[in-house]
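Chains as they are written, first to last, in this note's numbering: chain A, 1 to 267; chain B, 1001 to 1267; chain C, 2001 to 2318; chain D, 3001 to 3318. Cβ coordinates follow ideal geometry from the N, Cα and C atoms, glycine included. Just so we're clear, the structure is a prediction, and the values are computed from it rather than from any experiment. What follows is a set of notes on a single structure, which appears directly below.
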Amino acid sequence: MSSVEKALVIRHREVVPDYYELEFIAPEIALEVLPGQFVNIRISDSLDPLLRRPFSVYDVDKKLGSITVFYKVVGKGTKLLSQMPIQKPLDVMGPLGRSFSIPTEADQVFLVGGGVGIAPLVYLSRVLSSEGIKTKVLMGASTAGFLAGKSMFEKFGVPFLVSTDDGSEGLKGRVTQLLAEQLLIDKCDYIFACGPESMLETVTELAMEQNIKGEISLEGHMACGVGACLGCAHLVKTGEGQRYAKICSEGPVFKIGEVLFHSQDER
Amino acid sequence: MSSVEKALVIRHREVVPDYYELEFIAPEIALEVLPGQFVNIRISDSLDPLLRRPFSVYDVDKKLGSITVFYKVVGKGTKLLSQMPIQKPLDVMGPLGRSFSIPTEADQVFLVGGGVGIAPLVYLSRVLSSEGIKTKVLMGASTAGFLAGKSMFEKFGVPFLVSTDDGSEGLKGRVTQLLAEQLLIDKCDYIFACGPESMLETVTELAMEQNIKGEISLEGHMACGVGACLGCAHLVKTGEGQRYAKICSEGPVFKIGEVLFHSQDER
Amino acid sequence: MSVTDKKTRKKARAQLNLQVNLGGMQLKNPVTVASGTFGYGFEYEPFVDIAGLGAVIVKGTTLEPRMGNPSPRIIETPAGMLNAIGLENPGVDVFIGEYLPALRSRGVTVIANIAGNTMEEYARLAARLDGQPGIAGLELNISCPNVKQGGLQFGTDPVMVKEMVAAVKSQTSLPVMPKLSPNVTDITAIARAAYEGGADCLALINTLMGMAIDVDKRRPVLANTFGGLSGPAIKPVALRMVYQVAQEVPLPIMGLGGIMNTRDALEFLMAGATAISIGTANFVDPMITTQIIAGLQEYMEECHIADINDIIGAALPQ
Amino acid sequence: MSVTDKKTRKKARAQLNLQVNLGGMQLKNPVTVASGTFGYGFEYEPFVDIAGLGAVIVKGTTLEPRMGNPSPRIIETPAGMLNAIGLENPGVDVFIGEYLPALRSRGVTVIANIAGNTMEEYARLAARLDGQPGIAGLELNISCPNVKQGGLQFGTDPVMVKEMVAAVKSQTSLPVMPKLSPNVTDITAIARAAYEGGADCLALINTLMGMAIDVDKRRPVLANTFGGLSGPAIKPVALRMVYQVAQEVPLPIMGLGGIMNTRDALEFLMAGATAISIGTANFVDPMITTQIIAGLQEYMEECHIADINDIIGAALPQ
Ligand SMILES: Cc1cc2nc3c(=O)[nH]c(=O)nc-3n(C[C@H](O)[C@H](O)[C@H](O)COP(=O)(O)OP(=O)(O)OC[C@H]3O[C@@H](n4cnc5c(N)ncnc54)[C@H](O)[C@@H]3O)c2cc1C
Ligand SMILES: Cc1cc2nc3c(=O)[nH]c(=O)nc-3n(C[C@H](O)[C@H](O)[C@H](O)COP(=O)(O)OP(=O)(O)OC[C@H]3O[C@@H](n4cnc5c(N)ncnc54)[C@H](O)[C@@H]3O)c2cc1C
Ligand SMILES: Cc1cc2nc3c(=O)[nH]c(=O)nc-3n(C[C@H](O)[C@H](O)[C@H](O)COP(=O)(O)O)c2cc1C
Ligand SMILES: Cc1cc2nc3c(=O)[nH]c(=O)nc-3n(C[C@H](O)[C@H](O)[C@H](O)COP(=O)(O)O)c2cc1C
Ligand code: FES
Ligand code: FES
């Protein structure tokens, strides 16, 4: 069950410019959280910014009762968060949302992350490995300096390949190109992906072409985080047609093929 | 001329419970500021709290270019301010308002402060002393623990007497009683007072009864601090009748007898 | 606090009366949750004892299921947020068949919130909900920006408001609470019309109509262009309207709009509201309702007020 | 930035056009300051080159001096503030005799803001100001909560608005800019009425009517009970009204309400405002106007926009 905790910040550092790792003690959340779930953080007592901000769980230390999130400074809230000193309590609500499933039949799975979208894939990769499922991480960034999650995969010994838009490291191009290449040369039974919508759309196309099952994690503007406000709607397919699903409570993890993208959703 | 400075906080401590001393580097303001003037502080970048908060200048170090304010935590803004770490820049606007005048003909003057109202009297007492005017400070608080400004007067060797509502130190009673007593037994050519309105009203009555001139420093809700918004109006007497004066720019220091109190102003 | 202190306090609390009567609806306490901000209550069960609330006002219900608007549906604004959900809901039959029984079994005081495209739809919804066990009253959302008739919104025209309320009243024995739009020149005129139409109480306010522009994309942020502004930003406007209506119309008021804490709740009660609703604040702090109920009790103890009804309207002119 | 970079930038800036025409008023740039928030300009001279502003809209002026309301006149609210100044001002003669010459000698573009108790007072004020050198235009404050006629505020009744604008127009050769109240059901109806009365441009919005209650004293905080809500809290409402009116009425708009930074200013321009006013933000940051002018230039450079007029209305439906 979700709860709200006053979580003591024990570690907070800028990994690469504008990307931060933040670790805090939240035993109840740490105990329950599954890969792909998120926490909703109240960044300040002030009424501006007003709403909580959602962040995927990057890693968990179940013994210590701590949770790490990995975030990028993009606006007012994340800017403020980046100034949060350690040893202060943070108001954290979680765990929220549906987790990734563990494809126990799979032999090898691909984890595809674009930018800060690698956040939920670290904890997932650890759980998959512990279940004896081989994982290969494909991660992309605009340039080598922003490949921030590498150290975590290195730390946990998860094999990974990278792409950068400017070719400063790994394949020059999008991470979806990397995925296309890898699908040609390596076995993949299941795909997990998180990143910008355009990336997720391409991942969906690639997976469906090759008939590979998988799951993607979406983002969206949120208010409540618990399915009450209907603010975080995303169009999904249903038997008969389409409907809006709540990213926070029916997602953020959706099956590949279930989600409808821009082209249908946006003006 | 007033300016806005990004002032580095160099000292910040809780003197007695809820009363803080805050020192910051603001060379342009420090150079110009006179006793009785105030600064307007933007406490956070957030839009809540939105407006700046006014604080009297408690002390100045002209050499260092620093200013100290002395404040009490009473609400959202002062609470937030109390959490301000040192070595961070604070957005300070000043100096603002009219200063106390220096009654060069006076031999001995009384400085009367109620609660946090002693704030502007410290710097004033130093300037008066340097002009060779004898000063006697009368300060009141609810209880001994809140007589926070004492250390400053001790430091600068300014003689002072105290009163407390509960009698835990000095005279048991209001500081205005202390003033009444002192007016009977000691010479006073001029009175300066700062504190709650009810106190200022009584000081005014006592001074006028005895035909002693003087000045009082008012507080009020402020928005602009520069006389532009007309938000900080206080009723004053004019030749023909009455009008609203701007506390920020025509005050906060007013001549004794000039200001009209509650009884006339409020519903 | 010593053990004896705690005991005395507990005893004192037991003697406090928090119960209020909102136009025939008996509420355990004046703290309710606003329609559309608390789902059907279940979503907040991990955080709140929902049966302990004065009432749960559920998400707006229509005759037929509604899909709602495209995304983005919400965006934060300074001390507020805009929403354009578009009344997404599964329709009245699912509400009656699935949600209502579950709420009833939990002992929740339920106020149903209804919306339609025409006056007739409102009347049919009222008829359909009449006699359904477990509903304490009906809130009429006549202030939804989607609902228009003859080019004008129902909620902004006194004549239509009066007719609408009368039409609904004729179909139900439940207390009827029209929820007024703040996007009007004279809120007291609308409130009076609702009174004349037979309303049992009034809820005010719904959201202020607003918008935001995405400077990079050079177009409105919300897919629906306009949205409803809620949260602390609108509190001064909401409070003003409650204060005005409380003086002009002899109906109990459910006050809402930007309430974030106990002091805000007290402001509304003192402005003349008999009960209050918490909306956007639930998103910020999911346990806020429980905290405000406790906060009201503390306030009553400190100020020696035995009955919450004694402070209702305390700030109104004598 | 290297020296050559700086030079190129300076050159680029020189070629940017920030000038706008607001219904006959030529403004150096679209950034003006809102009436009542900038005094007569002098108050902000330590912080701002007031002649560099698009215009200074001075404090509301009446025929006779006004004393204003008792205190408290202002109170902060979440991301906003309430004010009930009560139009304190020294009267039109002092304005013409003392303030105007001083502003003129500094090269400030001045827009006078006028208010009265009756339509006749407005007309007389307009006549009195007509031909006074140094005034670029007249802003009509028809939205002040103090000003009533026949129980209704001028600014909320289309018929009165039209008459009022026509009455003022007949007395002056200056461009006339009615400033509209947001406390209305349909802002476009009021805007159209002003247009039909002969307005040259429109300013929107004035403050939303709100209040706050002092829980300890159990009475309204403001001595005047009600006050006008301004600041970022109201920005979504202001922006929505500008966007609506820009589509319905063929008049240039001065947009204001809660603008705090360059992005906010751009939102209003994209919503269809030809110029913008900064009000409450001056209190928060006295140098904000200068910063927004620079910010607009930076934005234009980054987006390769040579003329600010090219982004006006960019977010309106095609
Ligand atoms: C389930 C979920 C998990 C997430 N996990 C992570 C994570 O692990 N690490 C991370 O860095 N970010 C994550 N995000 C995104 C993160 O929540 C936003 O970056 C953050 O809320 C922005 O807040 P801000 O105040 O800094 O930005 P704002 O000032 O609010 O906005 C800045 C920009 O971000 C956009 N934005 C704001 N909120 C969101 C949002 N919820 N989703 C998408 N765009 C938004 C705005 O439109 C704007 O363009 C996640 C979002 C969701 C929904
Ligand atoms: C010229 C001047 C000099 C001042 N000097 C000092 C000083 O040296 N030290 C000090 O501690 N305080 C001083 N004050 C008062 C100080 O500005 C307020 O205590 C502060 O603004 C409160 O901010 P807040 O956000 O904590 O309180 P809020 O949450 O804004 O309000 C808390 C309480 O304080 C009251 N309040 C808010 N603002 C003011 C105000 N401007 N004046 C009076 N009451 C107010 C509110 O009505 C409320 O009761 C001065 C005020 C003025 C006008
Ligand atoms: C996301 C969201 C959805 C809402 N949906 C409804 C609704 O379905 N019916 C209704 O009458 N009001 C609805 N409202 C309005 C709220 O019930 C309430 O009147 C408004 O938000 C003001 O209160 P607040 O400031 O406390 O949120 C909704 C508000 C929000 C924020
Ligand atoms: C303290 C204060 C005084 C004001 N006085 C006037 C006035 O005299 N005449 C007028 O037309 N508007 C007046 N206004 C309204 C502003 O000009 C402006 O319309 C409003 O504040 C919204 O803009 P903002 O949110 O940027 O402040 C006043 C506003 C404030 C805050
Ligand atoms: S954020 Fe409220 S329903 Fe998803
Ligand atoms: S605070 Fe604006 S005039 Fe004094």
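Among the options, nearest to residue i - alpha-carbon criterion
i                : options                               : result
G115 of chain A  : A:D107, A:R98 and A:F146              : A:F146
V1069 of chain B : B:D1091, B:K1079, B:F1055 and B:K1076 : B:F1055
R1243 of chain B : B:M1208, B:E1205, B:H1234 and B:G1117 : B:H1234
I3253 of chain D : D:I3111, D:A3275 and D:A3238          : D:A3275
P2133 of chain C : C:Q2247, C:L2103 and C:Q2153          : C:L2103
P280 of chain A  : A:V60, A:V175 and A:G36               : A query on residue 280 of chain A cannot be resolved here, the shown segment of chain A reaching from 1 to 267 and no further.
A2203 of chain C : C:L2138, C:S2071, C:L2082 and C:L2129 : C:L2138
Y2044 of chain C : C:V2108, C:G2060 and C:A2246          : C:V2108
V1137 of chain B : B:A1030, B:G1173, B:C1194 and B:E1021 : B:C1194
A3256 of chain D : D:A3084, D:N3089, D:R3240 and D:P3250 : Sequence check: residue 3256 of chain D is Leu here, not Ala. Of the listed residues, the one whose Cα sits closest to L3256 of chain D is D:R3240.
G170 of chain A  : A:L161, A:Q177 and A:T176             : A:L161
C1224 of chain B : B:M1093, B:S1163, B:K1172 and B:Q1182 : B:M1093
L1064 of chain B : B:A1030, B:S1046, B:L1051 and B:R1042 : B:A1030
N2261 of chain C : D:V3048, D:G3068, D:I3057 and D:P3078 : D:P3078
L3250 of chain D : D:I3114, D:R3192 and D:F3042          : Before going further, note that residue 3250 of chain D is Pro rather than Leu in the sequence given. Residue D:R3192 is the option with its Cα nearest to P3250 of chain D.
A3246 of chain D : D:T3061, D:I3114, D:A3233 and D:C3201 : D:C3201
Cβ of residue i within 7 Å of any chain B Cβ
i                : result
P3232 of chain D : yes
A3112 of chain D : no
G3068 of chain D : yes
L81 of chain A   : no
G2945 of chain D : In the structure displayed, chain D extends from 3001 to 3318; residue 2945 of chain D sits before or after that span and is not available.
Chain C contact for residue i (CB, 7 Å cutoff)
i                : result
Y294 of chain A  : Past the boundaries of the shown model lies residue 294 of chain A; chain A is included only from 1 to 267, so the question cannot be answered.
S2 of chain A    : yes
A233 of chain A  : yes
A3212 of chain D : yes
E250 of chain A  : no
A3079 of chain D : yes
K6 of chain A    : no
V3215 of chain D : yes
Distance between beta carbons of residue j and residue i, contact taken as under 8 Å
i                : j                : result
H1221 of chain B : C1232 of chain B : 6 Å
L3082 of chain D : P2236 of chain C : 6 Å
T2032 of chain C : G2054 of chain C : 4 Å
K1072 of chain B : D1018 of chain B : 6 Å
S2035 of chain C : V2020 of chain C : That pair is no contact at about 19 Å.
Cβ of residue i within 7 Å of any chain D Cβ
i                : result
G2150 of chain C : Unreliable positioning characterises G2150 of chain C in this predicted model, as indicated by a pLDDT of 46, which lies under 50. The coordinate reading is nonetheless provided below. With 7 Å as the cut-off, G2150 of chain C does not count as an interface residue toward chain D.
L1090 of chain B : no
P2101 of chain C : no
Min CB distance residue i to chain A below 7 Å
i                : result
E2267 of chain C : no
D1107 of chain B : no
S2071 of chain C : yes
E2076 of chain C : yes
Q: Return the chain-ordered ranges of every beta strand (DSSP E) run that is complete within the region 3208–3232 of chain D and spans a minimum of 3 residues.
A: 3208–3211 and 3226–3230
Q. Going along the chain, which unbroken runs of the alpha helix (DSSP H) with 4 or more residues stay wholly within the region 42–84 of chain A?
A. Within the region 42–84 of chain A, the complete alpha helix (DSSP H) runs of at least 4 residues fall at 76–82.
Q.
Quick check on the DSSP output: what are the complete beta strand (DSSP E) runs of length 3 or more inside the region 1096–1127 of chain B, in order along the chain?
A. 1108–1114
Q | Segments assigned beta strand (DSSP E), at least 3 residues, entirely inside the region 213–255 of chain A | A | 213–217, 233–237, 242–246 and 253–255
Q: Could you tell me which uninterrupted alpha helix (DSSP H) segments, each at least 4 residues in length, are contained entirely in the region 2129–2191 of chain C, listed from first to last along the chain?
A: 2158–2169
Q. In chain order, which continuous runs of the beta strand (DSSP E) of length 3 or greater are located wholly inside the region 2238–2303 of chain C?
A. 2253–2256 and 2275–2278
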